[in-house]
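K.L.:
Once you've had a glance at the structure underneath, I'll fire off some questions.
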Amino acid sequence: MTASILFGAAITHHTAGRLAEAEALYRRILEIDPNNAGACNNLGLILAPIQAEPLFRRAIELKSDYVDALTNLGNLYLNRGELGEATECFKTALTFSPDSSASRSGLERIDEALKSGR
């Protein structure tokens with residue numbers, strides 16, 4: 001099977017909440033195509049937060065304008081209280097997709113955290 005066929009099946013499992021099946025397929029895709037940014041990003045979503053950071057970073061390394069991966073990494077940093085790193089991710093995502101509501105929302109959450117003194 002090709003990586004693109006496997007990716008479609010993985011997305012189907014992921015969307016349906018069958019995470020173990022999706023994880024196995026994403027891992028298989030990365031065996032076939034270690035440079036598959038989508039598989040890195042989506043596997044990171046499943047494995048978050050412990051193992052997600054290197055997967056999001058790899059997805060961004062493979063595709064620097066990958067807004068979803070940048071936003072996911074920003075949210076990971078934000079949830080860990082690493083506001084500077086989160087801000088950088090969200091702002092970079094917005095340079096590629098100025099209408100990204102997820103990135104704008106992340107920046108708003110950072111502003112709220114700064115205002116509340118967290």
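Each residue of the sequence shown is one higher than the last, beginning at 1 in the numbering used here.
C-beta: ideal position from N, C-alpha, C; glycine also.
1) Where does residue 97 sit, in a helix, a strand or coil, going by DSSP?
2) Measuring only the C-alpha atoms, how far is residue 55 from residue 70?
3) Does the structure place the stretch 57 to 75 close enough to the stretch 26 to 41 that three or more beta carbon pairs sit under 8 Å?
4) Can you check which of these residues, 94, 15 and 88, is closest to residue 104 by C-alpha distance?
5) Looking at residue 57: is its Cβ nearer than 9 Å to the Cβ of residue 43?
6) By how many angstroms is the C-alpha of residue 92 removed from the C-alpha of residue 18?
7) From 114, 4, 87 and 11, pick the residue whose C-alpha is nearest to that of residue 106; which is it?
8) Please classify residue 99: is it buried, with 16 or more other beta-carbons within 10 angstroms of its beta-carbon, or exposed?
9) Should residue 77 be flagged as near chain D, meaning a C-beta pair shorter than 9 Å?
10) DSSP three-state label for residue 66, please.
11) I think residue 32 touches residue 3, with their Cβ atoms under 8 Å apart; what is that distance to the nearest whole Å?
12) Would you mind sorting residue 75 into buried or exposed? The rule is 16 or more other CB atoms within 10 Å of its CB.
P.N.:
Taking the structure as given:
1) If DSSP states are grouped into helix, strand and coil, residue 97 belongs with coil.
2) Taking the straight line from one Cα to the other gives about 11 Å.
3) As far as the Cβ criterion goes, the stretch 26 to 41 touches the stretch 57 to 75, which means the pair count is three or higher.
4) Ranking the options by Cα distance to residue 104, first place goes to 94.
5) No, they are not a contact pair.
6) Residue 18 and residue 92 have their C-alpha atoms roughly 31 Å apart.
7) Among 114, 4, 87 and 11, the Cα nearest to that of residue 106 is on 87.
8) Counting the other CB atoms within 10 Å of its CB gives residue 99 a total below 16, which places it among the exposed residues.
9) You won't find chain D in this structure, because it holds only one protein chain.
10) Annotated three-state conformation of residue 66 is coil, per DSSP.
11) Cβ-Cβ separation between residue 32 and residue 3: approximately 5 Å, consistent with a contact (criterion under 8 Å).
12) Residue 75 counts as buried, since at least 16 other C-beta atoms from the protein chains shown sit within 10 angstroms of its C-beta.
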